[in-house]
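A.B. asks: Please see the structure below; I have some questions.
Residue numbers (the numbering used here): 572 to 703.
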């Protein structure tokens, strides 16, 4: 039951943010430049998070050495991907830099906390199954 509550807590913040900015955009309370700046920052951080979770899921089935290579190699690849996406957004998508960078980094750190939580939960499951 506790795991479900924590999962819902981690899920609710991005969902509320997404539908909140969507509602503000549709009701014309936020201008399109600001909306797309917030939206792109959220999407780029979400892409980074989901690729990280995929790397964690894939790496847990491997040996410890391969796990570290997959997770840290994926981390480097994700940094490069984020850098490229941020440069593309700032140069070609005409986003507002302050809103875009703020949203990108807020969700980047939020998702990083969620990834750490996922790793600790997976580690605890492995420790429990090895002790049984």
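C-beta atoms are modelled at their ideal positions from N, C-alpha and C, and glycine is treated no differently.
Roughly how far, in whole angstroms, is the beta-carbon of residue 645 from the beta-carbon of residue 623, given that I think they are within contact range, below 8 Å?
C.D. replies: The residue you call residue 645 lines up with position 74 of the chain shown. The residue you call residue 623 lines up with position 52 of the chain shown. Confirmed, about 7 Å.
A.B. asks: What number of angstroms, rounded off, separates the C-alpha of residue 687 from the C-alpha of residue 649?
C.D. replies: Position 116 of the chain shown, counted from the first residue, corresponds to residue 687. Position 78 of the chain shown, counted from the first residue, corresponds to residue 649. Each residue's Cα considered, the two are about 16 Å apart.
A.B. asks: Figure out for me which residue from 671, 682, 693 has the closest Cα to the Cα of residue 612.
C.D. replies: Translated into the one-based positions of the chain shown, residue 612 becomes position 41. The option with the nearest alpha carbon to residue 612 is 671.
A.B. asks: Report the start-end ranges of each alpha helix (DSSP H) in the segment 597-683 that is 4 residues or longer and not cut off at the edges.
C.D. replies: Listed in chain order, the complete alpha helix (DSSP H) runs (minimum 4 residues) inside the segment 597-683 are 603-631, 635-663.
A.B. asks: Of all the options 669, 642, 634, which has the alpha carbon lying nearest to the alpha carbon of residue 609?
C.D. replies: For the purposes of this step, residue 609 is taken as the residue at position 38 of the chain shown. Among 669, 642, 634, the Cα nearest to that of residue 609 belongs to 669.
A.B. asks: Given a threshold of 16 other Cβ atoms within 10 Å of its Cβ, counted over all protein chains shown, does residue 591 qualify as buried or as exposed?
C.D. replies: The residue labelled residue 591 in the question sits at position 20 within the chain shown. So residue 591 ends up on the exposed side.
A.B. asks: When you compare only the Cα positions, how much space is there between residue 679 and residue 685?
C.D. replies: Locating residue 679 in the chain shown gives position 108, where the first residue counts as 1. Locating residue 685 in the chain shown gives position 114, where the first residue counts as 1. Roughly 10 Å between the two C-alpha positions.
A.B. asks: Roughly how many whole angstroms lie between the Cα atoms of residue 601 and residue 616?
C.D. replies: As a first step, residue 601 must be located in the chain shown, where it is residue number 30. As a first step, residue 616 must be located in the chain shown, where it is residue number 45. Each residue's Cα considered, the two are about 21 Å apart.
A.B. asks: What number of angstroms, rounded off, separates the C-alpha of residue 657 from the C-alpha of residue 693?
C.D. replies: Locating residue 657 in the chain shown gives position 86, where the first residue counts as 1. Locating residue 693 in the chain shown gives position 122, where the first residue counts as 1. Straight-line Cα distance between these residues: approximately 31 Å.
A.B. asks: According to the Cβ coordinates, are residue 652 and residue 605 closer than 8 Å?
C.D. replies: Taking the chain shown and counting its residues from 1, the one referred to as residue 652 is at position 81. Taking the chain shown and counting its residues from 1, the one referred to as residue 605 is at position 34. The answer is no: Cβ separation not under 8 Å.
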